[in-house]
Amino acid sequence: MRYVLNSQFVLRGWKRLPWAVMHRPENSVRFLDASTFRALELCDGAIDFDLPIITDRLREIVMELERWGVVRALADGEHAALAHDQRYARYPNRFIETAHWSITGRCNYRCRHCFMDAPGAKLGELDHDTVMDIARQIVEAGILRVSLTGGEPLVRGDFLEIVGFLAEHHVLVSQIYSNGRLVTRELLETLADLGVHPEVNMSFDGTEGWHDWLRGVDGATDDVLRAFDLCSEIGFPTGAEMCLHKGNIHTLRDSVNLLAEHGCSSLKTNPVASTDAWEKHGRRDYDLSTEEVAEAYLDYIPHYFEDGMPLSIMLGGMFSCEKGSVDWYIPRARFAVCDAETDPDEDVEEACLAACVCGHARTTLYISPEGRMLPCMPLSALPDQSGFPTVQDVGLAQGLSDSEYLRLITTTVAEYLERNPECAACEFRLSCGGGCRGSALLTTRDDAMAPDRAICALYRGGYYDRVREVAQSAVAARGKGEAIVGGDEDDKRGRASLVESGRVAEAENERRPS
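Everything in the sequence shown is counted per full-length UniProt numbering, starting at 1 for the first residue and increasing by one.
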């Protein structure tokens, strides 16, 4: 019996993660052990698994791979071979799943809170040849997905050329972040012709004129709602992000329902960050405290369920739920809370300590408008970024192999706790894991490894326990209380799958070639 890898699968590997199979076109990847990968390599249409040199274990693995749909058995007399691109390719650098790429620092809006003060384009814009070279390096580093942002990415005249190049080389363009003004029928139809159907993610910052106010231009609300409608009509998925401040926080419920009416499928909320632009515009009087944001979320959660879970939502790191579902969870909690009176399970503690301090940063690279490799966009607020490499100076593969950037994103919770004795002594250390690095910079502007004081306030103020109580009561009021058991569900999620950083770190530790 001969087997061949199904056409939508390709064999890949990275430094310290040498064995993986990727499924196209969504570019999902599954890391494998050596035996499973060896069996897959033999599924080339030529190797006869009835030969005596093939072990019973290899035959068992291949039959399981067939059940997964990864390989298929060839009929008698059938000839098939792997396409060139399906054959094993190994990238020289560490694994990164997604590049979140600011392809420009320019923008057609005047947002009062922009990280890069985009109307003035303080971070500039790289020329066409440099940008296309970065796109080439993304392909050669084995990065699976790219989300394009800015500034406003659609102001680049070569935007479609960038997208087309990535798509041609099987890099999934997963999201386009836009303010919506330049989202046109022609653009969406051209993307569709390229075989690209990303989520179009657009900011919406409140009803009652607050969106126009924050975005700094008249007509921003009309433009973004028109863009949501257009995407829905043509068949492009959409998502939204909402920046909260004292002026618009009371519009959260109305904003969610309005977005749902216009076909938006998801919303992520966060308080406005105190950026240089925000301070320059003198808007600190609109800042919300951590406690004010948390209280607003607690007030809204019952309304979310009353309104029928109209879209998928993530309220900062406090609460998340899928559209139409009562299966809510707390995104920020890594594992079940371990208080001072309860010793954590040994496997839970070990897994948490081995996980990277930021799961998102371990799998998602941010490339700034000047080509700088950063763990996330908020770290562009660092006053001194000279320690982080630019793609133009060192090359993407080198930056993903040995650099200050790589050292930061691979920092484990254990290393973080060793550096921060206050956190190491905290009863919530295994649930918090140090919090968010971007949030930490809001209070300690020159230290990305400082404690996240916002998450300290949430844990020590008992807000996560209150989320559990409020969400459980709201679900029960819908008559479906049996669908989820708050804190137990958080525990189950943490134990079952870790965070993304744990998944990659665990794979790197277990599958490192000898």
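Cβ coordinates follow ideal geometry from the N, Cα and C atoms, glycine included.
Alpha carbon of Asp-223 to alpha carbon of Cys-43, nearest angstrom: Taking the first residue of the sequence shown as position 1, residue 223 is located at position 223. Taking the first residue of the sequence shown as position 1, residue 43 is located at position 43. In a straight line, the C-alpha of Asp-223 is about 52 Å away from that of Cys-43.
Please state whether DSSP places Gly-157 in a helix, a strand or coil. Reading the sequence shown from its first residue, position 157 is the one you call residue 157. Coil.
Give the straight-line distance between the Cα atoms of His-84 and Arg-38, rounded to the nearest whole angstrom. Numbered from 1 along the sequence shown, position 84 holds the residue referred to as residue 84. Numbered from 1 along the sequence shown, position 38 holds the residue referred to as residue 38. Each residue's alpha carbon lies about 18 Å from the other.
DSSP three-state label for Thr-251, please. Start at 1 with the first residue of the sequence shown, and residue 251 comes out as number 251. Here Thr-251 sits in helix by DSSP.
Start-end ranges of the alpha helix (DSSP H) lying completely within the region 207-292, minimum 4 residues: 210-215, 220-234, 252-261, 276-280
Who are the Cβ neighbours of Arg-283 in its own chain at under 7 Å, not counting the five residues just before and after it? The residue given as residue 283 occupies position 283 in the sequence shown. Same-chain partners within the cutoff: Arg-112.
Would you tell me roughly how many angstroms separate the C-alpha atoms of Ser-312 and Ile-54, rounded to the nearest one? Here the question's residue 312 lines up with position 312 in the sequence shown. Here the question's residue 54 lines up with position 54 in the sequence shown. Spanning the two alpha carbons is a distance of roughly 49 Å.
Sub-8 Å separation of Arg-59 and Phe-305 beta-carbons: Counted from its first residue, the sequence shown places residue 59 at position 59. Counted from its first residue, the sequence shown places residue 305 at position 305. Against a cut-off of 8 Å, the Cβ pair of Phe-305 and Arg-59 comes out as no contact.
What residue from Val-391, Phe-428, Leu-458, Asp-447 has the CA that sits closest to Ala-99's CA? Along the sequence shown, read from residue 1 onward, the residue named residue 99 stands at position 99. When each option's Cα is compared against that of Ala-99, the closest is Val-391.
Could you tell me the boundaries of the alpha helix (DSSP H) in which Ala-355 lies? Within the sequence shown, the letter at position 355 stands for residue 355. Where Ala-355 is concerned, there is no enclosing alpha helix (DSSP H), given that its DSSP letter is neither H nor E.
Opposite Gln-175 in the DSSP bridges: which residues? Residue 175 sits at position 175 when you count from the first residue of the sequence shown. Looking at the DSSP assignment, Gln-175 forms a beta bridge with Ser-147, Glu-199.
Below 6 Å CB to CB, which residues in the same chain sit around Ala-440 once its five sequence neighbours on both sides are set aside? Mapped onto the sequence shown, residue 440 falls at position 440. Counting only Cβ-Cβ distances below 6 Å, and skipping sequence neighbours, we find Ala-450, Asp-452.
Arg-106 versus Val-475: straight-line alpha-carbon distance, rounded: Taking the sequence shown and counting its residues from 1, the one referred to as residue 106 is at position 106. Taking the sequence shown and counting its residues from 1, the one referred to as residue 475 is at position 475. Cα to Cα, the separation comes out at about 44 Å.
Spell out a yes or no on whether the region 267-278 and the region 227-238 are touching, meaning 3 or more CB-CB pairs, one atom from each, closer than 8 Å. no
Using C-beta distances below 7 Å, list every residue in its chain close to Asp-62, excluding the 5 sequence neighbours before and after it, in chain order. Sequence index remark: in the sequence shown, residue 62 carries index 62 (1-based). First, the residue type needs correcting, since residue 62 is Val and not Asp in the sequence shown. Here the set comprises Tyr-3, Ala-39, Cys-43, Phe-49, Val-71.
Buried versus exposed call for Pro-198 [16 or more other C-beta atoms within 10 Å across all chains shown]: Sequence index remark: in the sequence shown, residue 198 carries index 198 (1-based). Buried, since its Cβ has 16 or more Cβ neighbours within 10 Å.
Among Val-217, Thr-444, Tyr-416, Thr-104, which residue has its Cα nearest to the Cα of Ala-354? Within the sequence shown, numbered from 1, the residue matching residue 354 stands at position 354. Ranking Val-217, Thr-444, Tyr-416, Thr-104 by Cα distance to Ala-354 puts Tyr-416 first.
Given 8 Å as the limit, is there contact between the region 199-218 and the region 247-254, that is, 3 or more CB pairs closer than that? yes
Which of the three DSSP states is assigned to Thr-130 in this structure? For the purposes of this step, residue 130 is taken as residue 130 along the sequence shown, with counting starting at 1. Three-state result, Thr-130: helix.
Looking only at its own chain, which residues have a Cβ that is under 7 Å from the Cβ of Pro-383, when we skip the five neighbours before and after it? In the sequence shown, counting from the first residue as 1, residue 383 sits at position 383. Answer for Pro-383: Arg-445, Asp-446, listed in chain order.
Opposing strand residues paired with His-113 [DSSP bridges]: Residue 113 sits at position 113 when you count from the first residue of the sequence shown. Beta-bridge pairing links His-113 to no other residue.
Could you tell me the boundaries of the alpha helix (DSSP H) in which Gly-438 lies? Locating residue 438 in the sequence shown gives position 438, counting from the first residue. That run of the alpha helix (DSSP H) goes 437-441.
Just to confirm my understanding: we take Phe-228, look at its own chain, exclude 5 residues before and 5 after, and list those with CB closer than 6 Å. What are they? In the sequence shown, residue 228 corresponds to position 228, counting from 1. Answer for Phe-228: Thr-238, His-262, Gly-263, Cys-264, listed in chain order.
Under the three-state DSSP convention, the category Val-70 falls into: Position 70 of the sequence shown, counted from the first residue, corresponds to residue 70. Of the three classes helix, strand and coil, the one that applies to Val-70 here is coil, per DSSP.
Helix, strand or coil: how does DSSP classify Met-377 here? As a first step, residue 377 must be located in the sequence shown, where it is residue number 377. Three-state result, Met-377: helix.
So the candidates are Asn-6, Leu-430, Ile-143; which of them puts its Cα closest to the Cα of Asp-349? Counting from 1 along the sequence shown, the entry for residue 349 is found at position 349. A quick correction: the sequence has Glu, not Asp, at residue 349. Answer by Cα proximity: Leu-430.
Quick one: what's His-23 bridged to in DSSP? Within the sequence shown, the letter at position 23 stands for residue 23. The partner list for His-23 (beta bridge, DSSP) reads Phe-9, Ser-28.
According to DSSP, which residues form a beta bridge with Trp-101? Position 101 of the sequence shown holds residue 101. Its beta-bridge partners are Leu-148, Ile-367.
Rounded separation between Gly-124 and Thr-251 - CA only: The residue you call residue 124 lines up with position 124 of the sequence shown. The residue you call residue 251 lines up with position 251 of the sequence shown. Each residue's Cα considered, the two are about 34 Å apart.
On the three-state DSSP scale, how would you describe Cys-43? Reading the sequence shown from its first residue, position 43 is the one you call residue 43. Reduced to three states, the DSSP call for Cys-43 is coil.
Please classify Ser-289 as buried or exposed, where buried requires at least 16 neighbouring CB atoms within 10 angstroms. Translated into the one-based positions of the sequence shown, residue 289 becomes position 289. It counts as exposed.
Below 8 Å between beta carbons: does that hold for Leu-406 and Ala-448? Within the sequence shown, the letter at position 406 stands for residue 406. Within the sequence shown, the letter at position 448 stands for residue 448. In this structure, Ala-448 does not lie closer than 8 Å to Leu-406 by Cβ.
Distance check for Glu-241 and Met-202, CA to CA, integer angstroms please. In the sequence shown, counting from the first residue as 1, residue 202 sits at position 202. In the sequence shown, counting from the first residue as 1, residue 241 sits at position 241. Between Met-202 and Glu-241, the C-alpha separation is close to 6 Å.
Can you pull the DSSP bridge partners for Leu-17? By 1-based counting over the sequence shown, the position of residue 17 is 17. Answer is Trp-14.
Give every residue of the same chain whose Cβ lies closer than 6 Å to the Cβ of Gln-175, excluding the five residues on either side of it in the sequence, and list them in chain order. As a first step, residue 175 is located in the sequence shown; it is residue number 175 there, counting from the start. Within the same chain, Gln-175 has close Cβ partners Ser-147, Pro-198, Glu-199, Asn-201.
With C-beta atoms as the reference, is Glu-140 less than 8 Å away from Ala-424? Here the question's residue 140 lines up with position 140 in the sequence shown. Here the question's residue 424 lines up with position 424 in the sequence shown. No, the Cβ-Cβ distance between Glu-140 and Ala-424 is not below 8 Å.
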